[in-house]
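This report refers to the structure that appears directly beneath it.
Listed below in structure tokens is the structure:
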């Protein structure tokens, strides 16, 4: 390589570096402006008697992530996915607790599947049901439709998922690393047949996807895309989490790795009651998980 080509290459590298730095500063400035803009503009209805919506710890965010066929449907639509997500900026950890959709709990005074709560009263009823089930102070939610999942993945250029042998066999795909577009990622998460452990196999796929999506979204090169991603999925997403909170937590978790994201599933077992299949939670084991992870949010029982 002659001197002229070396100089050109060096200039290009410097320009690329300056572009990245500028983009990062632009995003940080945008996040800062959003925090100043709407920090005192949060609105929302109280979800518990005498309990105002509040973020108890500014370094933590606890919310329920709900996947549905379509957002905005107040009645008639059951949740397909339920996850409690706890993000801690100080420790740089994310804890995800999946709640199987057939979990048998008290819904509006009757024993029913937990995913039925949404069909009775939307996200308000879903949150109240989870609060009562786990006796936790839960106020925030993010409800996304299947279309939002597709659009979000495509907006970030796809997602890489390492498919284990057992799941690959069940889904009739090759094991190993796959780069999925939005539709492929959604199909991977929604696949239901062929798992030896029934719905728990599907939950495992959903957890894998969420972990990899978070990792992809918080890559330095993708952080600048977050406002655009949110804008793209906003028509298929409903949430009472402020934009400033979303962006500040996204920035705090830039370049997060697998070791910082922990996944759990409410322990239990399948059973038939009156001809209906349920997932019966193991109360003792569930309380143990709750106390270890959600100890800052326990309500008096």
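In the working numbering, the protein residues as written are 1 to 301. Glycine included, C-beta positions come from ideal geometry on N, C-alpha and C. Everything numeric in this text was worked out from a predicted model, so none of it was measured.
Buried or exposed by the 16-neighbour rule on C-beta atoms within 10 Å, applied to residue i
i: residue 43; result: Confidence in residue 43 is poor, its pLDDT being 34 and thus under 50, which makes the residue's placement unreliable; the coordinate value appears in the next sentence. Residue 43 is exposed by the Cβ-count criterion.
i: residue 193; result: exposed
i: residue 83; result: buried
i: residue 269; result: exposed
i: residue 161; result: buried
i: residue 185; result: buried
Assigned secondary structure, residue i (DSSP; H/G/I helix, E/B strand, else coil)
i: residue 162; result: strand
i: residue 176; result: strand
i: residue 60; result: strand
i: residue 220; result: helix
i: residue 202; result: helix
i: residue 79; result: coil
i: residue 208; result: helix
i: residue 189; result: helix
i: residue 302; result: No statement about residue 302 is possible, as the shown extent of the chain runs from 1 to 301 and does not include it.
i: residue 258; result: helix
i: residue 244; result: helix
i: residue 67; result: strand
i: residue 232; result: helix
i: residue 283; result: helix
Integer Cβ distance of residue i from residue j, believed to fall under 8 Å
i: residue 230; j: residue 256; result: The pair is not a contact, with the Cβ atoms about 18 Å apart (cut-off 8 Å).
i: residue 286; j: residue 253; result: The pair is not a contact, with the Cβ atoms about 27 Å apart (cut-off 8 Å).
i: residue 79; j: residue 101; result: 6 Å
i: residue 213; j: residue 153; result: 7 Å
The alpha helix (DSSP H) enclosing residue i, as first and last residue numbers
i: residue 122; result: 116-134
i: residue 143; result: Segment 140-145 is the beta strand (DSSP E) holding residue 143; no alpha helix (DSSP H) there.
i: residue 98; result: Where residue 98 is concerned, there is no enclosing alpha helix (DSSP H), although the beta strand (DSSP E) it sits in stretches over 93-98.
Where the beta strand (DSSP E) through residue i begins and ends
i: residue 239; result: 237-239
i: residue 157; result: Taken as a continuous stretch (DSSP letters only), residue 157 belongs to no beta strand (DSSP E), as it is neither H nor E.
request  = Decide if the region 59-71 is in contact with the region 119-131; the criterion is three or more beta carbon pairs, one per stretch, under 8 Å apart.
outcome  = These segments touch.
ask   = Is it true that the region 137-146 meets the region 226-246, where meeting means three or more beta-carbon pairs spaced less than 8 Å apart?
value = Enough Cβ pairs lie closer than 8 Å, so yes.
key: Segment contact flag, the region 86-101 with the region 161-180, C-beta cutoff 8 Å, min 3 pairs   = Segment contact: the region 86-101 against the region 161-180, fewer than three CB-CB distances shorter than 8 Å; contact not assigned.
inquiry  = Between the region 103-114 and the region 144-154, can you find at least three pairs of beta-carbon atoms closer than 8 Å?
reply    = Touching, no.
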